[in-house]
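Residue numbers (my numbering): 6 to 964. Virtual Cβ for every residue (Gly too), placed ideally from N, Cα, C. From a predicted model like this one, the values you see are computed outputs, not experimental measurements. Data first, discussion second: the structure below is written as structure tokens.
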Amino acid sequence: MISAESPSPPLRPHGPVPEVDAHSSTACELSGLDDLSGLPVAEIYGRSTERAVIDEVLARARAGDSGVVVVRGDAGIGKTALLEYAAAGAATDMRVLRGTGIESETKLPFSGLHLLLAPVLHLRNKLPGPQSEALDAAFGLVDQARSDRFLLGLATLSLLGEVAAAEPLLVLVDDTQWLDQCSAAVLSWVARRLRAEGVALLFAVRDGYPTPAEGVPDVRDLRLTALDRGSSAMLLGDLAGHVKDHLLAEAQGNPLALLELSAALTPEQRAGELPGATFHLHHGPMSGQLESAFAQRVRALPERTRSLLLAAAADDSGDLHLVLTAGRRLGADVADLEPAEDDRMVHICGDRLRFTHPLFRAAAYRSSSLQARLAAHAALAEAFGEGGMADRSAWHRAAAVHGADESVAAEMERTAENARARGGHAAVATAYHRAAQLTSDLGQRARRLDAAAQAALDAGMTSFATHLADRAWPIARDPTVRAGLAMVRAAIAQEQDLRARPEETVEAAAGLAKQAPDTAATMLLFALISVWSGGEPYQMPQLAASTAIVPRSSPMLADVTAAIAHLADERWAQAVPRIRSLVHGISSAANLATWQRITVQWWFLWLADIHAGQEGAVVLADRCQAQGNIGLLPRALLHLARTQLLLGRHRDVLSTSEEGLRVAAHTEQPHFVGHHAGLLACVAAIEGDQARCAELTEDILADGVSERGIECVYARALLDLGNGQYEAVLRRLTRVPQALMRHHPAIDHSLGTATLVEAAVRQGHPTLAVAPLARLQRWAHATGQPWTVAIAARCQAQLADGAEAERHYEQAIRLHRQDDAYPFEAARTHLLYGEFLRRRRQRNRARPLLRSALDAFEQLGAAPWIDRVRAELRATGETSQPKERTSGLLDRLTSQELQVVRLAAAGLSNAGIAARLYLSPRTVGYHLYKAYPKLGIGSRNDLARMDLDPDGRDSSGLS
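Here it is, written out as structure tokens:
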């Protein structure tokens, strides 16, 4: 639980926070509690390695650094004791905040986060207004407000930083396996961004469960195993020799088992006067034995005491008033708590109640009969209802019934919508799921399952979304519900690299075509993407034929069905105008859902309209963050990173795809893990970082080439091309099924086809380039974009000779000048044309082209290409080398440092930069401190005089 350290405003959905004088001797200082044996919990035997790690992290926090530690282990192994050791070490000179996951609150959004932050919420008035408002919205302190998940993460980070600014801060979170998903997501967000705040963050978790620190760089992971015999013997203290030996054998090095067994001994047993067989645990896993021992102690209590403990365990908010209110409905009163307190199962301080160990809470609940549990939940529902806490009341009412109950189901639906207003998509999904379980009408059940599946998908809970959609599909009859389910199932198939099921989407679209034709058109567009990007070209004619059942009841439906038919026959020139009209029409609609806008965004890249694609992707990534659509964020970031790569903004690609990769991994979306890893690998390949490129692509390509790994293939091919290994390029790219090299033409042709053509010509196999080039030309001329036609002209020049080749090169150069926003492609053209002219002994004409290529490659940090250009320049007689430019200095910065210095140069304060980049102000200061020496400067004034964007391609990441 939380040691109440200062007053906090009331929390409507989760219950009031008691006002406790933090400086009073009667305040609940839970860190000072002794454990069950009377041994102070800060006194630990063994665990020297683990204690050293904790001491180091505390020392770093005192020095202004931050660190994250995870303590893992079985029940009773000593996780909480290590947290208490940390608290004892921090007691004299650090602030301590405590939180714990509560099993009964896993479905209440942000309940765990509130318990953690309650003692310091009064400091939120020191935060920027939007951040303070995000906290108010998440905790239900204001009406009609929506919580921005990422802004809430920033607010939490800023609040912790505000506390740590006064004194170093230790944050302890126990039983993280029971944290609600919304709180866990925010703490995960915070853990990834802690850097220089002076915060030590420690999580304790049962073995086999994830923590909010999964994937956090530099996290210290401590897995506790059994104590060695010497430490176990010290823990037992003064016992007769054979008694001690017996307990050591029984407890198997589990500290809590040792303490429990020792505490249960009679004086005669401690002296060794009775045989050891009279005290032993049952055979089996130690965690099960401990649970059984705790359950036996609970069962030995009077019945009314057990009823109160059951009520406390069923909703362990620690509110003694609520427990007693529920208890009175069960026939118990406050006096009935005395036996449990005397036996040190619970600790009562003021109006707070706390179990002294999580196993007592589990035993109080699990050892009770089903009838008793239902009665306890019913009593709690009434108590919370009287207290005005509707959401908690609804959950307990739902737990108190078996079978269908429409009134409770409707109540759970209202709870789901309350959670949606606070941005808790995971809570929306679980509440709608529970509502569906309580619903007897099949149509209503399908509707609620559909709502649950869509919320689960938004929350990134892909497996749960799959389960919900699969449950709903066979019973759904309403066209709108079937449409929603079809889209969820199609989105999951794409995210999980599963076979597309366009027939479901087409059938659902046909059912909606008359009443909602534009929605039906969007669905067909999604079906087209699923088939087109799924590597299954044989489905295109099938998809085109299936659309015959869809009435052409709107211009949008006519456009999309015609586009499908043209693409099935690869009539690009006819398909592109239809798709362009469709995309611009749909993107201007005001009522599109976020996932639908992301679907539309895919087509801007398909049409090679990269500038529009980038603008839209920035907006969508911001929207996903603002709405808490974590499940959609990797897809939006993927669109953004692809545009950044094509536009030569490689540092921004690193920032965007590193975030996309982390979120995709966290939300179990392997499809987007592969694509983001591939884009990061492309940057590494262009820069000649062979080790990094291999690291990013090895696992993705281990099982062969799939759609999610196509950028990984291009990255390895680019690396080979830059190193002059043309045969390796051909081996890689000619083995890729052609269907996989047409999903995302802007990426496929610039990185794939163009690379294949160059390698084929250089290796003396030009015939291998003919068919891929023909596909590139058809697409490029259909889009009409200068940069795509320029690439096609460059590739055509490589297959030509003499004057014809020169004519194609000149065309490509002219087209690049019409749109100079694609520096890598333009530099490749200049290099190849310069080489061509140098081989024809036209050195004077070659030098300006090669110098231009060198300048661009240096800006991009493209080391292998820089070497190639310099070799060509030497061959022309060039002796001078270009001076180092600002971009060479910028290359010394990490992607995060570059974002920070750009914004600082633009005049933003540390707080303003922090709000923009979701960092704490102290972390911003840390990045500036690290960046200044790399740039050879000492202050913000020096930054203002630097050219931090020499090519005019300002892109500081997400706004």
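By Cβ distance, which residues of its chain are closer than 6 Å to Glu418, with the 5 residues on each side in sequence left out? Sequence index remark: in the sequence shown, residue 418 carries index 413 (1-based). For Glu418, where only same-chain residues beyond five positions count, the Cβ hits under 6 Å are Ala440.
Measure the Cβ-Cβ separation of Leu335 and Ala381 and say whether it is below 8 Å. Taking the sequence shown and counting its residues from 1, one reaches residue 335 at position 330. Taking the sequence shown and counting its residues from 1, one reaches residue 381 at position 376. For Leu335 and Ala381, yes; Cβs fall inside 8 Å.
Residue from His932, Ala317, Leu87 whose Cα sits closest to the Cα of Leu207: Start at 1 with the first residue of the sequence shown, and residue 207 comes out as number 202. Residue Leu87 is the option with its Cα nearest to Leu207.
When the Cα atoms are used, what is the spatial distance from Arg945 to Leu953? As a first step, residue 945 must be located in the sequence shown, where it is residue number 940. As a first step, residue 953 must be located in the sequence shown, where it is residue number 948. Taking the straight line joining both Cα atoms gives about 13 Å.
Where in the stretch 75 to 105 do unbroken runs of the beta strand (DSSP E), each at least 3 residues long, occur, reported from the N-terminal end onward? Secondary structure within the stretch 75 to 105: the beta strand (DSSP E) runs of 3 or more consecutive residues, fully enclosed, are 100 to 105 (chain order).
Anticipated Cβ contact below 8 Å, His430 with Ala460, distance rounded: In the sequence shown, the residue the question calls residue 430 occupies position 425. In the sequence shown, the residue the question calls residue 460 occupies position 455. Between Ala460 and His430 the Cβ distance is about 5 Å, and since that is below 8 Å, they are a contact.
Compute the Euclidean distance between the alpha carbons of Ala805 and Val775, then round it to the nearest angstrom. What you label residue 805 is simply residue 800 of the sequence shown in a count that begins at 1. What you label residue 775 is simply residue 770 of the sequence shown in a count that begins at 1. Looking at the two C-alpha atoms, the distance is approximately 11 Å.
Beta-carbon proximity of Leu745 to Ala722, cut-off 8 Å: What you label residue 745 is simply residue 740 of the sequence shown in a count that begins at 1. What you label residue 722 is simply residue 717 of the sequence shown in a count that begins at 1. Against a cut-off of 8 Å, the Cβ pair of Ala722 and Leu745 comes out as no contact.
Alpha-carbon to alpha-carbon, Leu327 and Lys112: For the purposes of this step, residue 112 is identified with residue 107 of the sequence shown, where counting begins at 1. For the purposes of this step, residue 327 is identified with residue 322 of the sequence shown, where counting begins at 1. Lys112 and Leu327: Cα-Cα distance of roughly 19 Å.
Which residues in the same chain have their Cβ closer than 6 Å to the Cβ of Leu192, if we skip the five residues on either side of it in sequence? As a working mapping, residue 192 is identified with position 187 in the sequence shown. Excluding sequence neighbours, Leu192 sits near Pro217.
From Val658 to Asp725, what distance separates their C-alpha atoms? Translated into positions along the sequence shown, residue 658 becomes position 653. Translated into positions along the sequence shown, residue 725 becomes position 720. Those two C-alpha atoms are separated by around 21 Å.
Per DSSP, Gly72 is paired with what? In the sequence shown, counting from the first residue as 1, residue 72 sits at position 67. Paired residue(s): Ala205.
Let me know the alpha helix (DSSP H) ranges lying completely inside the stretch 513 to 596, each 4 residues or longer, listed in chain order. 522 to 537, 544 to 551, 560 to 573, 577 to 592
Cβ-based neighbour list, Leu781, same chain, cut-off 6 Å, excluding 5 preceding and 5 following: As a first step, residue 781 must be located in the sequence shown, where it is residue number 776. These residues qualify, in order along the chain: His754, Thr758, Ala797.
Buried or exposed: which applies to Met561, given that a residue is buried once 16 or more other Cβ atoms fall within 10 Å of its Cβ? The residue given as residue 561 occupies position 556 in the sequence shown. Buried: at least 16 other Cβ atoms inside 10 Å.
May I ask you to list the residues that DSSP assigns as paired with Val176? For the purposes of this step, residue 176 is identified with residue 171 of the sequence shown, where counting begins at 1. According to DSSP, Val176 bridges with Leu102, Leu206.
Could you spell out the range, first to last residue, of the beta strand (DSSP E) harbouring Phe360? Here residue 360 refers to the residue found at position 355 when the sequence shown is read from its first residue. Segment 357 to 360, the beta strand (DSSP E) holding Phe360.
Leaving aside the five residues before and after Ala405 along the sequence, list all residues of the same chain whose C-beta is less than 7 Å from its C-beta, in chain order. Numbered from its first residue, the sequence shown carries residue 405 at position 400. Only Leu379, His382, Ala383, Ala386 meet the Cβ criterion.
State the start and end residues of the unbroken alpha helix (DSSP H) segment that holds Arg873. Start at 1 with the first residue of the sequence shown, and residue 873 comes out as number 868. Start and end: 868 to 880.
Does the beta-carbon of Asp564 have 16 or more other beta-carbons within 10 angstroms, so that it is buried, or is it exposed? Taking the first residue of the sequence shown as 1, we reach residue 564 at position 559. Result: buried.
Can we say the stretch 565 to 572 touches the stretch 547 to 556, given the rule of at least three CB pairs closer than 8 Å? yes
Do the stretch 120 to 129 and the stretch 95 to 109 make contact, defined as three or more Cβ pairs closer than 8 Å? yes
Alpha-carbon to alpha-carbon, Gln823 and Pro853: If you number the sequence shown from 1, residue 853 lands on position 848. If you number the sequence shown from 1, residue 823 lands on position 818. When rounded, the distance between both Cα atoms is 18 Å.
Of the residues Ala764, Asp825, Ala456, the one placed nearest His438, counting alpha carbons only: Here residue 438 corresponds to residue number 433 of the sequence shown, with the count starting at 1. It is Ala456 whose Cα lies nearest to the Cα of His438.
Flag this pair as yes or no: are the beta carbons of Leu701 and Ala646 separated by less than 8 Å? In the sequence shown, residue 701 corresponds to position 696, counting from 1. In the sequence shown, residue 646 corresponds to position 641, counting from 1. For Leu701 and Ala646, no; Cβs fall outside 8 Å.
Could you tell me the distance, in whole angstroms, from the CA atom of Val493 to the CA atom of Arg506? As a first step, residue 493 is located in the sequence shown; it is residue number 488 there, counting from the start. As a first step, residue 506 is located in the sequence shown; it is residue number 501 there, counting from the start. Cα to Cα, the separation comes out at about 11 Å.
The stretch 227 to 238 in contact with the stretch 51 to 65 per 3-pair CB rule at 8 Å: At 8 Å Cβ cutoff, the stretches touch.
Residues in its own chain within less than 8 Å of Val351 by CB, not counting five upstream and five downstream? Here residue 351 corresponds to residue number 346 of the sequence shown, with the count starting at 1. These residues qualify, in order along the chain: Leu314, Ala317, Leu342, Ala345, Leu358, Arg359, Phe360, Thr361, Phe365.
Nearest CA to the CA of Ile353: which residue from Arg371, Ser372, Leu329, His932? Along the sequence shown, read from residue 1 onward, the residue named residue 353 stands at position 348. Of the candidates Arg371, Ser372, Leu329, His932, the one whose C-alpha sits nearest the C-alpha of Ile353 is Leu329.
Indicate the three-state DSSP secondary structure (helix, strand or coil) for Val227 in the structure shown. Taking the sequence shown and counting its residues from 1, one reaches residue 227 at position 222. It should be pointed out that residue 227 corresponds to Leu in this sequence rather than to Val. Three-state DSSP puts Leu227 in a strand.
Close-in-space but distant-in-sequence residues of the same chain around Glu889 (CB under 8 Å, 5 per side omitted): The residue given as residue 889 occupies position 884 in the sequence shown. Caution applies to Glu889, whose pLDDT of 48 falls short of 50 and renders its modelled position unreliable; the value that the coordinates give is listed next. So the list is empty, once near-sequence residues are dropped.
DSSP state of Ser36, grouped into three classes? Position 31 of the sequence shown, counting from 1, holds the residue named residue 36. For Ser36, the pLDDT reaches just 33, beneath the cut-off of 50, and the residue's location in the model is therefore unreliable, although a value from the coordinates is still provided. Three-state DSSP puts Ser36 in a helix.
Could you tell me which of Leu146, Ala201, Asp185 sits nearest to Ala919, measuring between CA atoms? In the sequence shown, counting from the first residue as 1, residue 919 sits at position 914. That would be Ala201, whose Cα lies nearest to the Cα of Ala919.
Since I believe Gly727 is in contact with Ala690 (beta carbons under 8 Å), could you give me their beta-carbon distance rounded to a whole number of angstroms? Here residue 690 refers to the residue found at position 685 when the sequence shown is read from its first residue. Here residue 727 refers to the residue found at position 722 when the sequence shown is read from its first residue. Contact holds; Cβ gap of about 7 Å.
Relative to the C-alpha of Ala949, which residue among Ser660, Ala368, Val905 is closest? As a working note, residue 949 is residue 944 in the sequence shown. Of Ser660, Ala368, Val905, the residue nearest in Cα terms is Val905.
Can you tell me where the beta strand (DSSP E) with Val351 in it begins and where it stops? Here residue 351 corresponds to residue number 346 of the sequence shown, with the count starting at 1. Taken as a continuous stretch (DSSP letters only), the beta strand (DSSP E) holding Val351 covers 351 to 354.
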